[in-house]
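Here's the structure, in structure tokens; my notes come after.
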Amino acid sequence: MLCLCKIFFLEERKGNKLLTKSIYISALRDILKPLAKNLISREITLPVLVGLIKESLVDAAEKDSQEIKKTDSRISLITGVHRKDVRKIRELGYKTINDKTLNARVLAEWTGNRNYTDPNGSPKKLRPSGPNSFEQMVSSISTDVRPRTLLDEWITLKKVTLDDEGSISLDLINYAPSESDDELLHFFGKNIGDHISSATNNIEKNKKKMFERASYGDQFSEESIKTLESLAEKYAMNALLKINKKAFELSKKDSKKIGNKYRFRFGSYFYNEKITVRNLNHPSSRKKSDQ
63 MLCLCKIFFL EERKGNKLLT KSIYISALRD ILKPLAKNLI SREITLPVLV GLIKESLVDA
123 AEKDSQEIKK TDSRISLITG VHRKDVRKIR ELGYKTINDK TLNARVLAEW TGNRNYTDPN
183 GSPKKLRPSG PNSFEQMVSS ISTDVRPRTL LDEWITLKKV TLDDEGSISL DLINYAPSES
243 DDELLHFFGK NIGDHISSAT NNIEKNKKKM FERASYGDQF SEESIKTLES LAEKYAMNAL
303 LKINKKAFEL SKKDSKKIGN KYRFRFGSYF YNEKITVRNL NHPSSRKKSD Q
């Protein structure tokens, strides 16, 4: 009887593991569907995607494995990537792309550095040049782009406005992410990558949970969605500015400290789509038994 109980519990654990894996695969489908749509529009074909997946699997196996010695054969066994491909990937290394975040870094400086904010924490009006000016702010971040060039671009995109005295104001209400494809794609990868990292961390056992929450619903009118979107944008932007300001202050203090260093990313998004309502009176929606 004892032996039978052991077999029963073993089969139950095996069944639970298979069920969990099935649910996980279903979740992966939800992640891949919108990505697949974008891959097609960007003309990224399956062979290219397979190559990227192989690289990512090998990279993850190298970094996450607790083993000191990680042979090609061992990584191949863990990932399912052929040993020849593992060796080729490890020999070639991983491609890196230069950081394309000037617009975002200037925005962070203007909204977080006390030299460029008023007592209420709002971005100050800046003079074009001189101490604590737009020119000085941009030059402190990068010397690759002339401040005047960036200013002209921001004026064209209506990210800033000029008053009669030539002072520059940041228009946070109408501010939109850069139109630069390079910068948009940079944050596309970084933001979604960290969101997935946070979410996957939370489904692993024995790991400290990271903050990841969402409010969602359906059956709303278009007018209600617009109201919710406006409200979400208002509160999210306020939270982002407060976090950015505090992060700027802490980074100055921590730069003088010795010890482990960490990075963070706090983000927000709002998504909506029109729900396809199924017409139950349409012939294609009827059950076979009704036909």
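Quick note on the numbering used here: the sequence shown kicks off at 63 and runs consecutively. Glycine included, C-beta positions come from ideal geometry on N, C-alpha and C. Note that this is a predicted model, so its numbers are computed, not measured.
- In the three-state reduction of the DSSP assignment, S231 falls in the strand class, which pools E and B.
- When the Cα atoms are used, N264 and S195 turn out to be separated by approximately 43 angstroms.
- Between K116 and D147, the gap from beta carbon to beta carbon is short of 8 angstroms.
- Take the alpha-carbon of E311 and the one of R176: they are about 9 angstroms apart.
- Put simply, of L90, I230, I203 the residue whose alpha carbon is nearest the alpha carbon of D214 is I230.
- Under the three-state reduction of DSSP, P96 is assigned to helix.
- As far as DSSP is concerned, L111 takes part in no beta bridge.
- When the alpha-carbon of R152 is set against those of L164, T82, A309, S138, the nearest one is in S138.
- Cβ atoms of P190 and G228 come within 8 angstroms of each other, at about 6 angstroms.
- The continuous alpha helix (DSSP H) containing L139 extends over residues 134–141.
- The beta carbons of F332 and A294 sit closer together than 8 angstroms.
- Straight-line measurement puts the Cα of V168 at about 20 angstroms from the Cα of D225.
- Note that the C-beta distance between M199 and E171 is below 8 angstroms.
- Within the same chain, and ignoring the five residues on either side of I203 in sequence, the residues whose Cβ sits closer than 8 angstroms to its Cβ are L164, R167, V168, E171.
- By the criterion of a C-beta distance shorter than 8 angstroms, K132 is surrounded in its chain by A123, E124, once the five residues flanking it on both sides are discounted.
- The continuous alpha helix (DSSP H) containing T173 extends over residues 164–174.
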